[in-house]
Amino acid sequence: MPSPQQLAQVPLFAGLKERNLKLLANSLKERSFGEGETIAAEGKSGVGFFVIVEGEATVSVDGKERATLRAGDHFGELALIDDGARTATVTAATPLRCYAMTSWEFRPLVQENATVAWHLLENLAKRLRAADARPL
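Heads up: the sequence shown begins at 4 in this note's numbering, then just goes up one per residue.
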C-alpha cells in the first residue's frame, strides 16, 4: 500500500489532508505488469485508476506515442467516474509496478467524503482546460 506521502505527490491528490490520503491509500491494491503488456486499451472500457510506483509506461493515441509515464504519474482517473472508453492506450515500457483502484472501490469513498469529491472536480477541470488549450 502506498503511503499518504506517496499519494500526496500525485497531482490529482496533492493538497488533500493526510486522513483523506490514508482513505485513498487503503483502497489501492498493488498490481504488476510485464514489459510490453497493455494496461489500458484506447476505445475499450476501463474501470481502473493507476499510480505508477516503479517503471515506465508509454501513452499512445491513434497509434502515435504521446507521453512516457514514470513513478508518481497516474492515469485512468476518468474511468473512476464514468467507466467509459479509454482515451489512450497505456503500455508497460519496462516491468511496471502500480497501485490501482476500481470505480466501485472509489465511488463510495467520494460519496462519503465531499473534500475528496471537490478536490477531484477541481483537478479534472484543470486538466480539461489544459487539454482544450492544446493545439490540434
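Here a beta-carbon is modelled for each residue, glycine too, at the ideal position from N, C-alpha and C. From a predicted model like this one, the values you see are computed outputs, not experimental measurements.
Please determine whether the Cβ atom of R110 lies at a distance below 7 Å from any heavy atom of the ligand ADP.
Within the structure as shown, the ligand ADP is missing, as the structure has no ligands at all.
So what does DSSP say about L81, is it helix, strand or coil?
On the sequence shown, residue 81 is found 78 positions in, with the first residue counted as 1. Residue state, collapsed to three classes: helix.
Does the Cβ of G79 have 16 or more other Cβ atoms within 10 Å, making it buried, or fewer, making it exposed?
Stepping through the sequence shown from its first residue, residue 79 is reached at position 76. G79 is buried by the Cβ-count criterion.
In chain order, what residues of the same chain lie with their CB nearer than 6 Å to the CB of K25, ignoring the 5 residues before and after it?
For the purposes of this step, residue 25 is identified with residue 22 of the sequence shown, where counting begins at 1. So the list reads P7, once near-sequence residues are dropped.
E45: which of T94, E108, R100 and R110 sits nearest, CA to CA?
Within the sequence shown, numbered from 1, the residue matching residue 45 stands at position 42. The candidate whose alpha carbon is nearest that of E45 is T94.
As a quick exercise: from T61, L10 and L15, pick the residue whose alpha carbon is nearest that of R130.
On the sequence shown, position 127 is the one that residue 130 refers to. The candidate whose alpha carbon is nearest that of R130 is L15.
Assuming V119 and L127 form a contact by the criterion Cβ under 8 Å, report the distance between their Cβ atoms to the nearest whole angstrom.
Here residue 119 is taken as the residue at index 116 of the sequence shown, counted from 1. Here residue 127 is taken as the residue at index 124 of the sequence shown, counted from 1. L127 and V119 do not touch by the CB rule: their CB atoms are close to 12 Å apart, not below 8 Å.
Would you identify the three-state DSSP class for V113, choosing helix, strand or coil?
Counting from one through the sequence shown, the residue named residue 113 turns up at place 110. Note: V113 maps to helix in three-state DSSP.
Which residue from R110, N116, S63 and A17 puts its Cα closest to that of V50?
The residue labelled residue 50 in the question sits at position 47 within the sequence shown. Its Cα nearest to that of V50, the residue R110 stands out among R110, N116, S63 and A17.
Drop a sphere of 10 angstroms on the beta-carbon of M4, count the other beta-carbons inside from all chains shown, and report buried for 16 or more, exposed for fewer.
Numbered from its first residue, the sequence shown carries residue 4 at position 1. Label assigned to M4: exposed.
Less than 8 Å between the CB atoms is what I'm expecting for T97 and E33, so what's the real figure, rounded?
Mapped onto the sequence shown, residue 97 falls at position 94. Mapped onto the sequence shown, residue 33 falls at position 30. Incorrect: roughly 17 Å between the Cβ atoms, too far for contact.
What is the rounded straight-line gap between the Cα of A59 and the Cα of H77?
Working through the sequence shown from its first residue, we reach residue 59 at position 56. Working through the sequence shown from its first residue, we reach residue 77 at position 74. The sequence given here has Glu at residue 59, not Ala. Distance between the alpha carbons of E59 and H77 is about 11 Å.
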